[in-house]
Structures are given as structure tokens and as C-alpha cells.
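Have a look at the structure below before the remarks.
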Amino acid sequence: MPRLPVDDFKIVFRPSVGVDLAQYNDGELRATAVANSGLRFVAADEDLVCTNLAKNIFTVSTSCTDRVANYAKILELTQRGKKLGFHAYIALPDGARAGIIYRAWNGESPQDSLQELRRANPLLPIVQARDMGCTSRSVLIHFMAEELPPSVKMFGILYAIFNFRTNVEVCLNCRQVGHQRDVCPLPNCLTCSGCGQKHPQDYPCTPQCVICGDAHKTGDRACKQRFQRAFSRLSRPRQRPQQEHQQEQPEFQLEKEFFSSIDNRNRSSRFKSPGRNRSSRSRSPGRNHGSKGKSPGRSASQSRDFSTEPEKVSWAKQASCSCCMLSDAKENSKIQETIERLMRENQELKQQLALVLERLGTLTTAPPASSPPLSISPSVIEPDMAAESGTDIIDSSPQPAKKKRTERPESLEDNCKSTSQKIRKEQRELKQKVDLRFTQIAERFNKIESILDVLVVRLESLPQSPPSPAPSQP
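Structure follows, in C-alpha cells:
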């Protein structure tokens with residue numbers, strides 16, 4: 001079945017028993033679905049239809065919320081002059097994770113359960129909740145998240161959330177895998193659900209599983225293949241590119257002394273590989289010398305079997321340990337990279353602050369500018385001397401060219417005042433810049449403290465490694 005658009009709404013149509021969708025093409029199903037929904041073909045031009053012959057269902061994908069309700073109200077479709085019964089429902093969005101809580105259902109409707117879960121857990125993205133039946137008293141909850149939360153609150157009670165694994169769909173009517181009995185395309189056959197043969201009800205028969213073929217009932221707990229296989233995150237962990245990983249890290253840095261407590265917690269919470277006790281391999285003195293009732297060869301073979309037999313670990317234990325170790329290693333690496341980035345950023349801020357303080361010191365200690373000495377022109381004195389002597393002085397030298405009148409230089413006091421005003425102005429501007437920089441640094445430190453609090457909480461919430469079982473003495 002091809003993948004439909006991720007952002008669209010999906011309406012699934014399940015036919016009644018005896019309807020085989022393989023006899024109809026997708027064009028006929030789409031035309032009848034649009035016609036029975038009351039929509040125009042122009043309005044539903046962008047809607048898509050896809051058939052899953054293995055499950056004997058077909059899905060309508062649309063991006064309009066108004067057309068979703070029209071499709072969900074359809075109860076029957078007319079194909080080639082025959083009225084076919086269908087049950088339509090809106091499928092969950094892509095990426096929803098299913099979790100189950102046990103002993104939590106007390107007769108509430110799915111709407112009441114969903115409303116209570118959203119009220120009691122406003123931070124959790126809950127999209128659907130329904131009961132699993134009267135016998136189990138369990139509630140199935142779907143979250144729009146990559147990982148399931150550890151617990152959930154409902155009617156004042158805290159429940160632990162467990163991962164829900166979907167069973168393989170098996171039809172006991174045609175004894176095929178991929179669909180259920182209520183949508184089987186073949187007519188209903190009165191056969192034994194255990195062995196699939198026609199015989200009296202009290203006739204003893206040997207059951208045969210449709211999934212694995214072993215001698216047990218289909219879907220029994222003894223069947224090792226009753227759950228659907230999904231992508232294993234343990235065997236192939238997702239690796240993000242280096243650039244994307246660097247963008248996720250904060251931009252702030254701090255010194256190493258701020259993270260001494262965090263480093264100690266990281267070292268104490270790391271998982272250690274369970275090693276074997278070497279002293280258990282050594283033989284006891286009684287066995288080294290042998291005993292009268294047993295031959296030396298037999299005792300030697302028994303001791304060799306104890307020493308060389310590997311420790312058997314169950315699959316569930318291996319999966320849980322490897323999952324914890326992967327998550328813990330990932331958290332530790334992210335925290336270490338955050339610490340290194342915070343330290344580098346702090347060093348840069350220190351260097352910038354040192355440059356600002358150095359510039360401020362040079363401006364405050366600069367000497368005032370000295371004014372040039374006043375020069376007296378000899379052309380001003382010569383007319384006065386001639387006037388006092390009363391004689392005319394004839395200058396035979398050619399008259400020099402007229403010079404442009406120069407402005408009178410300012411006095412030393414005025415020059416000092418202007419220089420001091422400029423220095424005060426620059427000091428005020430520099431002080432404003434320094435204050436602005438210090439406020440920015442304070443904001444960054446506050447953000448760093450909030451990030452550290454989040455990291456400490458996440459470190460404390462990491463699961464502890466289970467104690468390794470002590471090896472048995474041979």
C-alpha cells in the first residue's frame with residue numbers, strides 16, 4: 001500500500017462480511033464514496049483513495065476538515081447495482097504512539113476517558129483514549145510523541161504506562177493472515193476455530209496456529225509470532241548529522257567548577273557491564289583432591305562445564321539493558337558537549353569584557369591636548385617702530401603676497417574644557433555599552449542556570465542499572 005500524505009486526514013472504510021474489494025477498482029470506489037458523501041466532484045478533486053487488499057479495506061485521504069465529517073457518515077456504497085455495507089472511522093494521525101494502562105477502566109465512555117486524561121495531564125499530547133473491553137479493564141492511549149511518558153494521571157490515580165504491541169491480524173474464516181474475520185471477503189464458513197476443519201463441536205481435535213503453524217490455538221500466549229514486527233530502535237539507532245546536533249546545543253558557556261556536581265552524578269549513574277566473579281571459577285580444595293565416590297575424570301568434566309558454560313540472559317533482559325545503556329550514553333554525551341560549549345562561550349565573553357575594560361582605562365588616563373604656542377609676526381611690529389621714530393622707512397624689497405587671515409587660536413582653558421567634555425561624553429557612551437553588555441551576560445547566565453536545572457532533572461530521572469545476579473558457586 002503506498003504512503004498517503006502525512007498531514008491529511010484518513011477515513012478508513014471496513015466492508016461487511018462477504019464483500020471482496022478486489023473485484024472493484026479504486027476509481028469505482030472513489031466515485032461512489034464522493035457521490036454518497038454529498039460532495040461535488042470539483043470540491044473533492046484533491047482527495048485520494050487507496051485500497052489495501054491484504055486487509056480488505058480502502059482509505060480516503062483528504063486535507064479538508066469539512067469533508068472528513070461527510071465521509072465518516074457513509075454507511076453503505078452502491079457498486080454495480082449492489083448495496084454494500086461499510087463501517088467508516090477516522091484513523092489516527094501518523095506518528096502516534098500507543099501506550100496502555102491496566103486496571104483503569106470503570107465503565108467510562110471513550111469521550112469521558114479522553115476528556116479526563118486531557119484535563120489531568122495538560123502537558124501530554126493525548127489524541128485518543130478508549131477501553132480494551134470489560135474483561136481486561138485496560139485503557140489504550142495514543143500520544144503524538146516519539147517516546148511514551150512514564151506515567152499518566154486519571155481520576156486522581158497515577159498509572160504506569162506500558163508499550164502496546166499490536167497483534168497480528170488473523171482471519172479464522174479463511175485461515176489467512178492480514179485481515180480479521182469481520183472483513184473477510186469469503187462467505188462465513190462454519191469451521192473449527194482451532195484446527196480449521198469441519199467436525200462436530202464435541203469432537204477432540206489438535207489445534208494449529210495460523211501464524212506460526214505450531215500445535216496451539218491461534219493467537220495464544222505460547223505463540224512467539226503473535227505480535228507485529230516493528231522497526232527496532234535498539235539495533236539501528238538513529239544518527240543525526242553533526243550540524244543538526246550542534247544547532248540543538250545552547251550557545252552559552254560556563255566554567256568547569258559549575259559542573260562538578262553534575263560530573264559526579266554522571267560517573268555514579270553510568271551503567272557498568274556485569275562482570276563475573278573470578279573467584280567463583282577457582283575450584284575448592286576438596287574437589288582438587290577428589291572424592292572416593294566419584295572418579296577424577298567425571299569431577300574434572302563437571303568443573304570444566306561449570307567454568308566454560310556461558311551465562312544465559314533472557315531476551316527481555318538484554319533488550320532492557322541495551323535500551324538503558326543506549327539512552328544513558330546518549331544523555332551523557334549531550335551533557336558533555338553542552339559543558340564544553342558553555343566553557344568556550346564563557347572564555348569568549350571574558351576576553352570581550354577584558355578588551356572593554358582596557359579601552360575604558362586608556363580613555364580615563366589620557367592627558368589633555370596641549371595648545372600650540374602663540375607666534376608673533378614681525379610684520380606687526382615694523383609699522384609701530386616706524387611711527388615712533390617719525391621717519392619713513394623705504395623698503396626696497398618686493399612686497400610679499402597677501403596672506404589669508406588666520407583665525408585666532410583658542411586659549412588653553414577653552415581647549416581643556418572642550419577636551420574634558422569630549423572625554424565625559426565618551427565615558428558616558430562607554431558606560432552605557434558596558435552596562436548593556438553586563439545585562440546581556442546576566443541574561444545568558446540566567447538561561448544557563450535554567451538549562452543546568454533541566455539537565456540535572458533529566459539526569460536524576462535516568463533509570464538505574466539493575467544489579468547483576470551473583471554467579472552460582474560450582
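Residue numbers for the sequence shown follow the UniProt record's numbering, beginning at 1 and rising by one.
Yeah, the Cβ is synthetic: ideal placement off N, Cα and C, and Gly gets one too.
- Going by DSSP, E76 is part of the beta strand (DSSP E) stretching over E76 to Q79.
- I161 and N188 have their C-alpha atoms roughly 38 Å apart.
- In this structure, H87 lies near R14, with their beta-carbon atoms less than 8 Å apart.
- The residues K153 and M154, in chain order, have a CB closer than 7 Å to that of A120 in the same chain once the five nearest residues on each side in sequence are set aside.
- Judged by DSSP secondary structure, C184 falls outside any alpha helix (DSSP H); it is assigned neither H nor E.
- Excluding five sequence positions before and after Q79, the CB atoms of its chain that fall closer than 7 Å to its own CB belong to Y24, E28 and T32, given in chain order.
- Counting the other CB atoms within 10 Å of its CB gives C223 a total of 16 or more, which places it among the buried residues.
- Note on geometry: alpha-carbon atoms of V12 and E169 lie some 16 Å from one another.
- Comparing alpha carbon positions, the residue from G81, L4, V17 and G85 closest to E46 is L4.
- For C50, the enclosing beta strand (DSSP E) begins and ends at L48 to N52.
- Residue pairing by DSSP leaves T206 without any beta bridge partner.
- Secondary structure in the stretch 100 to 184: the alpha helix (DSSP H) runs of 4 residues or longer, each lying completely within the stretch, are 110 to 120 in chain order.
- A direct Cα-Cα distance of roughly 6 Å separates C50 from F58.
- Under DSSP, L84 takes part in a beta bridge, and its partners are L77.
- With respect to the 8 Å criterion, V457 and C184 are not classified as neighbours on the basis of their beta carbons.
- Within the DSSP secondary-structure output, Y24 pairs in no beta bridge.
- For the pair of segments examined, the stretch 98 to 105 was found to touch the stretch 135 to 147: the number of CB pairs separated by less than 8 Å reaches three.
- For I335, no pairing in a beta bridge is given by DSSP.
- At the C-beta level, D26 and T62 stay beyond 8 Å of one another.
- With contacts defined by Cβ atoms closer than 8 Å, L114 and N70 do not form a contacting pair.
- Rounded to whole angstroms, I423 and Q432 show a C-alpha spacing of 14 Å.
- Residues V34 of the same chain have their beta carbon placed closer than 7 Å to that of F41, with the five preceding and five following residues left out of the count.
- Contact annotation: the stretch 130 to 137 does not touch the stretch 189 to 208, with fewer than three C-beta pairs closer than 8 Å.
- When G196, F227, D202 and P200 are compared, the shortest CA-CA separation from A215 is found for G196.
- In this structure, R221 lies away from N167, with their beta-carbon atoms at least 8 Å apart.
- Secondary structure note for V17: it is in no beta strand (DSSP E), with a DSSP letter that is neither H nor E.
- Checking the DSSP bridge columns, you'll see T62 partnered with F9.
- I211 and V177 have their alpha carbons spaced roughly 7 Å apart.
- Setting aside the 5 residues that flank it on each side, R30 is surrounded in the same chain by V49, each with a C-beta closer than 6 Å to its C-beta; the list follows chain order.
- For K425, the closest of T338, E331 and L360 by C-alpha to C-alpha distance is L360.
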